[in-house]
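In our numbering, the protein residues as written are 1459 to 1766.
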Amino acid sequence: MANPTPSYPIGTPGQAWGAAEVAAWRSAQVPRRSYEVDVLSAIERLRPRFDVVQYGKLDYAPDSYPVFALRSRPWREELPTVLVTGGVHGYETSGVHGALQFLDRDAAGYDGRANLLVAPCVSPWAYERIHRWNAHAIDPNRSFREDSPAPESAALMRLLAPLQGRILMHIDLHETTDSDESEFRPALAARDGKDYEPGEIPDGFYLVDDSDNPQPEFQQAVIDAVARVTHIAPADARGEIIGSKVFSPGVIRYAFKPLGLCAGMTGARYTTTTEVYPDSPHASPQQCNDAQAAAVRAAIDFALARPV
Ligand SMILES: [Zn+2]
1459 MANPTPSYPI
1469 GTPGQAWGAA
1479 EVAAWRSAQV
1489 PRRSYEVDVL
1499 SAIERLRPRF
1509 DVVQYGKLDY
1519 APDSYPVFAL
1529 RSRPWREELP
1539 TVLVTGGVHG
1549 YETSGVHGAL
1559 QFLDRDAAGY
1569 DGRANLLVAP
1579 CVSPWAYERI
1589 HRWNAHAIDP
1599 NRSFREDSPA
1609 PESAALMRLL
1619 APLQGRILMH
1629 IDLHETTDSD
1639 ESEFRPALAA
1649 RDGKDYEPGE
1659 IPDGFYLVDD
1669 SDNPQPEFQQ
1679 AVIDAVARVT
1689 HIAPADARGE
1699 IIGSKVFSPG
1709 VIRYAFKPLG
1719 LCAGMTGARY
1729 TTTTEVYPDS
1739 PHASPQQCND
1749 AQAAAVRAAI
1759 DFALARPV
């Protein structure tokens, strides 16, 4: 019988990583695609239609990454503000390109109805290396908290601090990939000196609602829109998706703020995290981007129709 617990190539089983292990891990991460070519060039093409704000610069010598948000132009104080974030996990490609696609194809439809604020690629170092963590082996999506250890999260929180209490809806765009089970969960267990417990990757799209602020009708509206583009993940035999109870088809809940999740950062009335499944034989990259953009549109439409 095969050992059910694959050992991760870095570190000593049962011992959390120190600086040497993090350095060894980091040296094994090499750029596999270009933030400049894929993302910054797309932002440049959008620049004539939006205000482009550089909200930080991430220094990972010898590389450095400016990070950008795009805002409706004009920005009108009397309109509701909605927030879209992508690439908090850099490897989750359709989060980045779905946000950019939404800006290109759909954003104009909200002119005069909402202020849009879109940060399409929060973690560019990881975008290039197709990884979940930043260069310090820290998950930005567990780091949206005071004195954040992740500069990616801290920069976005600084951008949004003046808008606290004024954001109606926030949708954070993610993917759940087969590599979560083959690489990232084993790496997490190794980093923290814990045993790796195998899990199942759901086949299909799902949403994460906030257990401290559940909005089932809002989640349902997003699920209904995405179901027209791609399939929704079924619950497993235990009535769960990825170890969490399914409250309605394709919807699970996490406690956003205590976990330091991006979608808990603003305190918005309507919040959700999308989870596109890109590894399905039935889902092309374009379909994944379409699913993200459909989720964004449905989320904004619901929030604008039923403001607080
Ligand atoms: Zn993610």
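No residue lacks a Cβ here, since even glycine has one placed at the ideal position from N, Cα and C.
Just so it is clear, the structure is predicted and the values come from calculations on it, not from any experiment.
- At the C-beta level, residue 1629 and residue 1542 come within 8 Å of one another.
- Remark: C-beta atoms of residue 1559 and residue 1751 approach each other more closely than 8 Å.
- Between residue 1732 and residue 1632, the C-beta spacing is below 8 Å.
- According to DSSP, residue pairing for residue 1698 in a beta bridge involves 1703.
- Spatial neighbours of residue 1475 in its own chain (CB-CB distance under 6 Å, excluding positions within 5 residues in sequence) are listed in chain order as 1469, 1649.
- For residue 1534 and residue 1546, the gap between their C-alpha atoms comes out near 27 Å.
- The C-alpha of residue 1548 is placed about 11 Å away from the C-alpha of residue 1491.
- The beta strand (DSSP E) runs lying completely inside the stretch 1581-1667 and spanning 3 residues or more are 1625-1633, given in chain order.
- By the Cβ rule, the stretch 1509-1521 counts as touching the stretch 1600-1619, because three or more pairs are nearer than 8 Å.
- Cβ-Cβ separation between residue 1573 and residue 1530: approximately 5 Å, consistent with a contact (criterion under 8 Å).
- In the DSSP assignment, residue 1754 falls within the unbroken alpha helix (DSSP H) covering 1743-1763.
- For residue 1487, there is no enclosing beta strand (DSSP E), since its DSSP letter is neither H nor E.
- Ranked by how close their Cα comes to the Cα of residue 1724, the residues 1692, 1763, 1482, 1625 have 1625 in first place.
- Contact between residue 1537 and residue 1571 holds: CB atoms are separated by about 7 Å, below the 8 Å threshold.
- For residue 1587, the closest of 1486, 1715, 1753 by C-alpha to C-alpha distance is 1486.
- Pairwise C-beta distances place the stretch 1652-1662 in contact with the stretch 1695-1706, as three or more of them are shorter than 8 Å.
- Distance from the Cα of residue 1472 is smallest, within the candidate group 1644, 1712, 1675, for 1644.
- Residue 1516 is bridged by DSSP to 1523.
- For residue 1543, the uninterrupted beta strand (DSSP E) segment begins and ends at 1539-1544.
- In this structure, residue 1663 keeps its C-beta atom at 8 Å or more from the C-beta atom of residue 1554.
- Counting along the chain, the unbroken beta strand (DSSP E) around residue 1711 starts and ends at 1709-1712.
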